[in-house]
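Residue numbers (our numbering): 1379 to 1498.
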């Protein structure tokens, strides 16, 4: 954009000078246009900055989101650990029941237990 401005500004001055004919007045008009251009740049820049602030996440927004995610992660980990513990207990109970059923229904298993405990 600076390259365009570097070419356009001298042409603008020449155009004003052609129409006004008085070099001093042409220079004043040219300076006013440049000043307006600078003011507009500042206004546009500030408007853009404000718009971007509203649209983009700030560091504070990201920090708050990160904290929320950490809390959610901790809750999820506690939930998963709780479910694993419940499942572990169920598997242990199921395993004990299967062993007991096997022992009670298998005559050879009863003989083995008697032999192991010296009850024969």
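The beta carbon of each residue, even a glycine, is placed where N, CA and C say it ideally should be.
Rounded to the nearest whole angstrom, the CA to CA distance from residue 1394 to residue 1423 is 28 Å.
Counting the other CB atoms within 10 Å of its CB gives residue 1408 a total of 16 or more, which places it among the buried residues.
In this model, residue 1485 and residue 1476 are separated by some 15 Å (Cα to Cα). Taking residue 1481 as the centre and dropping the five residues before and after it, the same chain places the C-beta of 1487 closer than 6 Å to its C-beta, in chain order. Residue 1435 carries a coil assignment under DSSP once its states are collapsed to helix, strand and coil. Put simply, the backbone Cα of residue 1497 is about 20 Å away from that of residue 1479.
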